[in-house]
Amino acid sequence: MMKRTMRSVLAATAAAVFMISPVFSIPAKAAANDGEEEVVLRVSNWEEYIDEGEWDEEETIDLESGDILGENSLVDDFEDWYYETYGIRCRVEYSTFGTNEDLYNMLTIGDVYDLVCPSEYMIMKLMSEDMLEPLSDEFFDTDNELNYYINGVSPYIRSIFETHEINGETWDRYMAGYMWGVTGFVYNPDEITREETATWKLFANTDYRRQITIKDNVRDSYFSSVGALRSDYLTSEEFLNDPDYAMKLQNIMNDVSEETIDEVQDYLQMIRGNMYSFETDSGKADMITGKVVANYQWSGDAVYTMDQAEEDDYYLNFAVPVESTNVYFDGWAMLKNGVREDARKKHAAEAFINFLSRPDNVVRNMYYIGYTSCISGGDDPTVFEYLDWTYGAEEDEEEVVDYSVAHFFADEDDDPEDFVLTVPEEQLNRQLIAQYPSEDILHRATIMIYFDKAANERINKMWIRVRCFNLENIPVVIPLTASILIAAAVICLLVKKYRKH
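In this note's numbering, the protein residues as written are -7 to 493.
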């Protein structure tokens, strides 16, 4: 049984960045100067993607490291913390956006922000267009105890950011991870089996016609379609044992050749009649109310869906396709056009990231949002304690298993045995596996890379043909018949007109 109450849900997922000047630093403790002009930090984030406080007392999270209770919003708490820590007033102008594309459109029409939190592919786009400012050298100083991000980011996340590049620059110079996850299917185990849902080929399974949903966005639908089309090869022993498996997997799942785009278009047009709907947010409610038996979902929304269903004693599970899964990120990025090399803004922005990366605030956000933080906590045990508090088995439970999360929490010097949980066996198919996927799942996880302008245009045109009326698919007999009918109507009108004269 889950020990937490989910407070809200995010309507969209996936990685991100943050940047700052390398030549500026403010002492860890600055003398208070009430006469100094306050710093205004303009922040834009996803809707319902930060703890807004106002928890009830019974929601207190009681950990060995101390109790955690969200009384105020984290934005308000940051403003107080920043003044107490640095002696400088900072006012956060906080706003939200609905999609990555909404954010990008706002930026292109002139809206100005200092710090934003898009997904991985949008951060790559912003990097490629030179719109971001790099993180400062001070941000990476592990000797600074206030640098909660660099001292607490998961080794797994950090490795990904350090080994991927845009235009020759690694992500970690421009990215501070916030939340992350994978994609898969929420499903009703009473109606459909795990084996049937643990594959992207589920979309074409006619045994469940009009009982499955697919994402109503081109990136997720394209990724899952490639997985279905290449299923046999992706699960073959030859491919799984390839020494370059990880890189080849990334290349296959991000293949945007004209041939593959055409294949994906044909596949999506073929399966659309088998789908209950293309959806962005309604799939959660459709699963909870039993309208569908499986819902393609981001892991954070999957957790929310399972939690909400469980409140009505309705149990749903989560499965990750055997072919591959997308590991997505949302994160913080600093915009050049916003900070304009203002050292005070840059420092406040980095401090905002670090404040949200402090382990107790990480727990508040995960509890409130339902997604998984990129922060493991480093030497601070708070995040791991929260994971055990949430999913650990009760002392009298019998059907339990050991579950390692060392691949997410353990650094080189850590003992992996210190990060093994004893959990109810059912959690291997439910919320735990969604929030903290196993090492086996992450082995077959890959990222969605940024597509250049030409590839984006080809894919978007394909998506329009899939989601709208595609003239190429109309049988010749239909327009021919229509032409005959129109011609007949015109002749009739002419005859009537002639008779009148």
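Ideal Cβ positions, reconstructed from N, Cα and C, are used throughout, including at glycine.
Computed from a predicted model, the values in this text were never measured in an experiment.
- DSSP places Phe310 in the strand class (E or B) of the three-state scheme.
- Taking the C-beta atoms as reference points, Val31 is found nearer than 8 Å to Arg336.
- Contact fails between the stretch 376 to 393 and the stretch 177 to 190, because fewer than three Cβ pairs, one in each stretch, are under 8 Å apart.
- Put simply, the backbone Cα of Glu302 is about 10 Å away from that of Tyr296.
- Counting only residues of its own chain and dropping the five nearest sequence neighbours on each side, Glu56 has a CB closer than 6 Å to the CB of Glu377.
- Arg34 has its alpha-carbon roughly 31 Å from the corresponding atom of Thr52.
- With respect to Ser291, Thr438 sits apart: the two C-beta atoms are not nearer than 8 Å.
- Annotation for Glu271: Thr205, Asp208 place their beta carbon closer than 6 Å to its own, counting only its chain and skipping 5 residues before and after.
- Listed as beta-bridge partners of Gly58 by DSSP are Leu55.
- Look at the beta carbons and you see the stretch 126 to 144 touching the stretch 165 to 173: at least three pairs across the two are nearer than 8 Å.
- By the C-beta density criterion, Ser151 is exposed, having fewer than 16 other C-beta atoms within 10 angstroms.
- As for any alpha helix (DSSP H) of minimum length 4 sitting wholly inside the stretch 377 to 450, the runs are 398 to 401, 423 to 427, 431 to 435, ordered along the chain.
- Pairing Val67 with Arg83, the inter-Cα distance amounts to about 9 Å.
- Distances from the CA of Pro181 to each of Asp352, Tyr306, Asn329 were compared; the closest alpha carbon is that of Tyr306.
- Remark: C-beta atoms of Ser368 and Phe347 do not approach each other more closely than 8 Å.
- Closest by C-alpha distance to Tyr268, out of Tyr200, Glu63, Leu232, is Tyr200.
- Look at the stretch 198 to 281 and you find these whole runs of beta strand (DSSP E), each 3 residues long or longer: 204 to 207, 269 to 271.
- With 16 or more neighbouring CB atoms inside 10 Å of its own CB, Leu226 falls in the buried class.
- A straight-line Cα-Cα distance of about 21 Å links Ser430 and Glu386.
- If you look at Val31, you'll find it in the beta strand (DSSP E) that goes 31 to 38.
- For Arg83, the enclosing beta strand (DSSP E) starts and ends at 82 to 89.
- Along the stretch 89 to 128, the alpha helix (DSSP H) occurs as fully enclosed runs of 4 or more residues at 92 to 100, 112 to 120, listed in sequence order.
- The beta carbon of Glu71 is closer than 7 Å to those of Cys82, Arg83, Val84 in its chain, skipping five residues each way along the sequence.
- For the set Asp293, Met262, Gln261, Arg264, the Cα lying nearest the Cα of Lys276 is the one of Asp293.
- Judged by pairs of C-beta atoms under 8 Å, the stretch 237 to 248 touches the stretch 215 to 222, as three or more such pairs exist.
- For the 8 Å CB-CB criterion, Ala340 and Tyr74 form a contact.
- Excluding the 5 residues flanking it on each side, Ile425 has same chain C-beta neighbours closer than 8 Å at Phe310, Val312, Gln419, Ile433, in chain order.
- Collapsing the DSSP output to three states places Thr185 in coil.
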